[in-house]
Amino acid sequence: MSHPEPEPLGAQASLRRFHGEQAAHAHAYAQVLFGLHGALELQAGNRSWRVDASCGLVIPPGLAHGLAAMAAGDAGAAVLVVDTAWPHRKLDRLRAFALPSGWSAAQLQRCLPAGLCNANGHGALPPSVQPLPAVAVPWLQAADVAPRALPRRRLDAAAVKAAVQGRWHQDWPTARLAEQVALSVPQFNVRWRALTGATPQAWLRQQRLDEAVRLLQLGRWLDAVAPVVGYASGSALATALRRERGLRVRALR
618 MSHPEPEPLG AQASLRRFHG EQAAHAHAYA QVLFGLHGAL ELQAGNRSWR
668 VDASCGLVIP PGLAHGLAAM AAGDAGAAVL VVDTAWPHRK LDRLRAFALP
718 SGWSAAQLQR CLPAGLCNAN GHGALPPSVQ PLPAVAVPWL QAADVAPRAL
768 PRRRLDAAAV KAAVQGRWHQ DWPTARLAEQ VALSVPQFNV RWRALTGATP
818 QAWLRQQRLD EAVRLLQLGR WLDAVAPVVG YASGSALATA LRRERGLRVR
868 ALR
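The numbering of the sequence shown is our numbering, which starts it at 618 and goes up by one.
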């Protein structure tokens, strides 16, 4: 006669944003990390691990781990962290697991109460302090049976930006961006969105506008800046700045 699995009692969930690096530390309880936006690179068990919108990680009790957020901009890496004392054998070993396609980060964020948000990634409480919200219980149970994540080559966002830097006027279709890191277009699309929260072309557009703003603030004329950053005319660039940033050229200069 089979016995039911123990309920994951004595757990808490928090939605945290990580910025920069954190030194190695350990907890007396297990942690299950679900990536929502951006990515975390972790060092644990003498190897590197990654958490993003396509995969999660189980960190067993007592295992020292350091981490670094690998997200572009100020948003940091958003991660659902479940601290749990659930007595289950699969939470007693370090392992990565693949997030099924049905696990939508947006769906999870809609379900979780706003009070779970922790802005700086710190301040986790021992799992006995508050119960795991009922909506998160199925996620923890699903992580228990999720397939093991396959190791993946790191996506070097810095290499992509370095390739584009100074060449804003050139055509940069997604296929050319993907070539910089030796990924297929579908792979690059999925992983770039997980890393930056934007499609490759939306990211490229914002990078071009960043460069345009910088040049205009240096006193360059609009019609001279437009071709440098890949716009056909000064009026097209001015329209993009108003639409995307709410900026007018006269104010910038």
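Virtual Cβ for every residue (Gly too), placed ideally from N, Cα, C. Predicted, not measured: the structure shown is a model, and the values here were computed from it.
Cut-off 8 Å between Cβ atoms - residues of its own chain near residue i, not counting five sequence neighbours on either side
i      : result
Val802 : Thr791, Ala792, Ala795
Leu812 : Gly655, Ala656, Asp669, Met687, Ala688, Ala689, Leu772, Ala774
Gln639 : Gly683, Leu684, Ala685, Gly738
Ala776 : Gln797, Val798
Pro677 : Ala647, Leu708, Asp709, Arg710, Leu711
Per-residue burial, residue i [other beta carbons within 10 Å of its own, 16 or more giving buried]
i      : result
Gln629 : buried
Trp809 : buried
Ala641 : exposed
Trp666 : buried
Trp838 : exposed
Gly673 : buried
Ala647 : buried
Ala841 : exposed
Leu835 : exposed
Gly683 : exposed
His786 : exposed
Gly814 : buried
Ala681 : exposed
Thr856 : exposed
Thr701 : buried
Leu742 : Confidence at Leu742 is low in this model, with a pLDDT of 38, below 50, so its placement is unreliable and no value can be given for it.
Reference residue i; option with closest CA among the options
i      : options                        : result
Phe635 : Gly652, Tyr646, His644, Gln648 : Gly652
Arg860 : Cys672, Leu826, Ser665         : Leu826
His644 : Gly679, Leu674, Trp666         : Gly679
Gln823 : Arg837, Lys778, Leu697         : Lys778
Ala853 : Ala695, Gln834, Ala829         : Ala829
Gln818 : Ala670, Leu659, Gly847, Ala841 : Gly847
Gly693 : Asp700, Ala685, Ser631         : Ala685
Ala656 : Ile676, Ala681, Met687, Asn663 : Met687
Leu833 : Ala868, Gln804, Thr816, Ile676 : Ala868
Asn663 : Val798, Leu711, Ala855, Val699 : Leu711
Gly637 : Glu658, Ala713, Arg784         : Glu658
Gly783 : Thr816, Val845, Arg831         : Val845
Other residues of its chain near residue i: CB distance less than 7 Å, five sequence neighbours each side excluded
i      : result
Trp789 : Val781, Leu821
Ser923 : Lying before the first or after the last residue shown, residue 923 is absent from the chain, which here runs from 618 to 870.
Arg862 : Leu826
Val696 : Arg633, Phe635, Leu650, Phe651, Gly652, Leu653, Leu657, Val668
Beta-ladder partner(s) of residue i, from DSSP
i      : result
Leu657 : Val668, Ala686
Glu638 : Ala685
Val649 : Val675, Val699
Arg712 : Val675
Beta-carbon contacts of residue i that lie in its chain and below 6 Å, excluding the five residues immediately before and after
i      : result
Cys734 : For Cys734, the pLDDT reaches just 41, beneath the cut-off of 50, and the residue's location in the model is therefore unreliable, leaving the point undetermined.
Gln660 : Gly683
Val807 : none
Ala799 : none
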